[in-house]
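Under this note's numbering, the residues of the sequence shown are numbered 1436 to 2146, in order. All C-beta atoms in this analysis are idealised placements derived from N, C-alpha and C, irrespective of residue type, glycine included.
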Amino acid sequence: MGISASRGGYLLMDSSQNDSTWDGKSAEKFEGPAVGIDLGTTNSCVGVWHDGHVAIIPNDYGKSTTPSCVAFTEDGRILVGDSAKDQVAGNAANTLFQVKRWIGRRFEDLCKYAAAPLWPYSLTMAAADPDDATGGGGSGGGDGVGCLIELWQQNKKKTYAPEEISAMILSKMKEIAQAHLKCSVSSAVVAVPANFTQAQKLATKDSARLAGFECVRLITEPSAAALAYAVRTSGSSAIASDYCEGGGGLVGGLVRRKGRLRIRNLDDNGALSKTVMVVDWGGGTFDVSVMRMGNREFRVIAVAGDTQLGGQDIDDLMVAHFAEEFRRVRGFSVQEDAEAMQRIRSRCEAMKHTLSAATCADAMLEGLCGIGGSFEMKMTRAELEEMSMPVLDKCMNLVDRALKDAGVRKTDIAKVILAGGSMRMPKIQELLSTFFAHKTLCKVIHPDECVAYGAAVQAALITGDIVMDVKDLTLVEAVPVTIGFGQESEKYVRVIERNTPYPTRVVRKNWQTTYDGAKSCHLFVYEGEREKANENNLLGKLFLSGLQPGPPGSGRERVALEAILEIDDDGILTATFRTRTRRRRIQSQSSGDGGGDGQHRSSERSITKSFGRKWGTFGAAEAQAVMREAMQCAEDDRADVAKTTARCRLLQYVYRTRWRLSLITDPKRRDRLRELLDVEESWWEVNKDTLLEVAEYSERRKRLEKACGRF
1436 MGISASRGGY LLMDSSQNDS TWDGKSAEKF EGPAVGIDLG TTNSCVGVWH
1486 DGHVAIIPND YGKSTTPSCV AFTEDGRILV GDSAKDQVAG NAANTLFQVK
1536 RWIGRRFEDL CKYAAAPLWP YSLTMAAADP DDATGGGGSG GGDGVGCLIE
1586 LWQQNKKKTY APEEISAMIL SKMKEIAQAH LKCSVSSAVV AVPANFTQAQ
1636 KLATKDSARL AGFECVRLIT EPSAAALAYA VRTSGSSAIA SDYCEGGGGL
1686 VGGLVRRKGR LRIRNLDDNG ALSKTVMVVD WGGGTFDVSV MRMGNREFRV
1736 IAVAGDTQLG GQDIDDLMVA HFAEEFRRVR GFSVQEDAEA MQRIRSRCEA
1786 MKHTLSAATC ADAMLEGLCG IGGSFEMKMT RAELEEMSMP VLDKCMNLVD
1836 RALKDAGVRK TDIAKVILAG GSMRMPKIQE LLSTFFAHKT LCKVIHPDEC
1886 VAYGAAVQAA LITGDIVMDV KDLTLVEAVP VTIGFGQESE KYVRVIERNT
1936 PYPTRVVRKN WQTTYDGAKS CHLFVYEGER EKANENNLLG KLFLSGLQPG
1986 PPGSGRERVA LEAILEIDDD GILTATFRTR TRRRRIQSQS SGDGGGDGQH
2036 RSSERSITKS FGRKWGTFGA AEAQAVMREA MQCAEDDRAD VAKTTARCRL
2086 LQYVYRTRWR LSLITDPKRR DRLRELLDVE ESWWEVNKDT LLEVAEYSER
2136 RKRLEKACGR F
């Protein structure tokens, strides 16, 4: 790294470092009734805590779930839910589904998706926003550009961001809730996959706010399912039915205190903590969470999942199968006909559901592609299972990975809790039962309603509406690996330590720019345990420019800074890098009287970035491996940091001296010092890519100090 590249450079932390830490809850205040929403890939569901229990609210069709489907009609109407799904056969190209899979994702990633030819609508790249700190436009996050959904409406091409379509679905759920409660609803807990990136979480919150929800909290879908299980098994009938399943696992107990119900999670020996696994398989995502459930908290110890692995992947396999069957029988491809493909998809969905209860299913399509005659579709459960095995194998691999990440054995799992509509498929239940030595699977709550049920409980806990004495019951998620900053000395400054529960907020004060006169600097954010910053995982960087250092000799040659890391209730990591505000009184002169009014002027500069890349994806086993590596490399890291610190001090002295040359009144001495600094910078350019010994840098600095003297 050359001197010119380093000038803006990093930042230096004073030895008088001062931190402040916040571990409270979000400042968002939930008022009025708050609902819990499962915003699904295929279907969505809304629930509310009412009269001491969760009520899953039916839609205007009397169904507990609403299709996550939006249609744009030729006459300009926008249909959401069942009405959109009912007209899909005649308006396939303008009927949107699976939008949850596109939200917060990069366009380039979506182009790789194998099922792209099966979509009746088109995706296009969003324009990059040069002011977007995350580096992406539209729905993208991290270091890429997002996507837009392209369709025709009233003979005009229109584009919509996935957030906008999700907002329409959430607005429908809000409408359903308000019609049932007969009052306005402005607060919601929305469930998201455990494996969602920060960009996807932020995009989901944006959608909820577009839908009119003023206060929004997120909960991971497996956590919601576990919370639903804990509350549901508090009732005596639920306990009895669950206990009859056998397995000796987690059984809800009731303790009455002053007429209130307190949930306790007990095993047969009265222990107050058990390890459970929640397996949530919906239409578009597969999530596995391993949790320790106690009488006061659920602690998530490992998460695995895939946001592109759901029941609709099996639909895609069936659609591709019958499209090929049609080509074989009729002699031409059906894939270019969006309406025909959608009719096949609708029949495939119905057949898949039938095969969860029956061993064979069939359907008949008349006049497909405008051709007379009928096209018969037949499939047995055995054929479907064979076709689906690649998808099911991926699911089971994630279950195995979650166990390994948690550092637990199969026999340590007390309960396997099922959630998600795709869990009705008999084969996945058979594979799970076999994997866990024929342990009975927990299906206390309808899989389509389980996540919304838990989200509604969480909403009631936040608002204080809960009747049962479970207010101390919390979902605890912790930072698996330390998050911190890198300095130019390459020393890793630890900010949020591993195993810190969130939400949390840590402020690092008494920082300053590294070099005298620097008008910009970078903040690099890492996660890891190594003492040498660049050996850790780089999450991203922030660049702060427009800084105003004081003149040479003022004592303000370096700009005072502070850096903040915050993880909110939803697990969204945000970094803020800013100058520490210095308010100074100045005199403003008027053109008539030579006087002026005293004013306060602030030169504060600030930049905030919410990271679109994943963080905290380390499982328990991976986090332990990171710690072991850090311990093994500690001595080498300390030696390297000592060398880079010595190098940094030499460079600081060069900059400081050049910055203060204007203070020297003797021109001959000033020219001599400038020559010395030129020689030092030339040496630096030659050796900038080589890390030398501490003594080499120290000796050069001492010689330079002696030659320059004090001024």
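Taking 8 Å as the cut-off, the beta carbon of Gly1717 is found no closer than this to the beta carbon of Gly1889.
Contact annotation: Val1725 and Ala1623 have beta-carbon atoms that are not nearer than 8 Å. Met1824 sits in a helix when the DSSP states are folded into three classes. Boundaries of the beta strand (DSSP E) around Ala1849: 1848 to 1854.
The Cβ atoms of Gln2087 and Tyr1961 do not sit closer than 8 Å to each other. Under DSSP, Asn1972 shares a beta bridge with Glu1962. With 16 or more other CB atoms across the displayed protein chains lying within 10 angstroms of its CB, Thr1710 is buried. Per the DSSP secondary-structure output, Leu1800 pairs in a beta bridge with Phe1810. Under the DSSP assignment, Thr1720 falls outside any beta strand (DSSP E); it carries neither an H nor an E label.
For Cys2083, there is no enclosing beta strand (DSSP E); the enclosing alpha helix (DSSP H) covers residues 2069 to 2094.
Residue pairing of Met1560 in beta bridges, as defined by DSSP: Cys1582. Membership of Gly1471 in the beta strand (DSSP E) is indicated by the continuous run 1469 to 1473. Counting the other CB atoms within 10 Å of its CB gives Ala1793 a total below 16, which places it among the exposed residues.
In the structure shown, Ala1596 falls within a coil segment according to DSSP collapsed to helix, strand and coil. Per DSSP, Leu2111 lies in no beta strand (DSSP E) segment; the continuous alpha helix (DSSP H) that holds it begins and ends at 2102 to 2122. If you look at Ala1775, you'll find it in the alpha helix (DSSP H) that goes 1773 to 1789.
The Cβ-Cβ distance between Ser1768 and Ala1524 does not fall below 8 Å. Just measuring C-alpha positions, the residue of Ile1931, Glu1925, Lys1926, Gln1922 sitting nearest Val1916 is Ile1931.
A direct Cα-to-Cα measurement between Thr1632 and Asp2004 gives close to 15 Å. In the DSSP assignment, Cys1885 falls within the unbroken alpha helix (DSSP H) covering 1885 to 1898.
The three-state reading of DSSP puts Tyr1664 in helix, counting H, G and I together.
As DSSP reads the structure, His1488 sits in a beta bridge with His1485. By the Cβ-count criterion, Ile1736 is buried, with 16 or more other Cβ atoms from all chains shown falling within 10 Å of its own Cβ. Nearest C-alpha to Arg2093 among Ser1658, Val1892, Glu2140: Glu2140. With a contact defined as Cβ atoms closer than 8 Å, Pro1628 and Asp1722 qualify at about 5 Å. According to DSSP, residue pairing for Glu2001 in a beta bridge involves Arg1940, Thr2009. Contact between the region 1475 to 1486 and the region 1636 to 1652 is absent: fewer than 3 CB-CB pairs across the two stretches fall below 8 Å.
For Lys2078, the CB contacts under 6 Å within the same chain, skipping 5 residues up- and downstream, are Leu2126, Val2129 in chain order. Where Cys2143 is concerned, the enclosing alpha helix (DSSP H) starts and stops at 2129 to 2143. In the DSSP assignment, Pro1502 forms a beta bridge with Asn1478. Asp2101 sits exposed, since fewer than 16 C-beta atoms from the chains shown fall within 10 Å of its C-beta. The beta carbon of Ala1626 sits closer than 6 Å to those of Asp1473, Ile1654, Glu1656, Ala1659, Val1886, Ala1890, all from its chain and outside the five residues before and after it, given in chain order.
The alpha-carbon separation between Ala1506 and Thr2043 amounts to approximately 37 Å.
As a beta-bridge residue in DSSP terms, Thr1710 pairs with Arg1727, Ile1848. Sixteen is the threshold: since fewer than 16 other Cβ atoms of the shown chains lie within 10 Å of the Cβ of Phe1978, the residue is exposed. For the pair Thr1559 and Thr1476, the Cα-to-Cα distance works out to about 20 Å.
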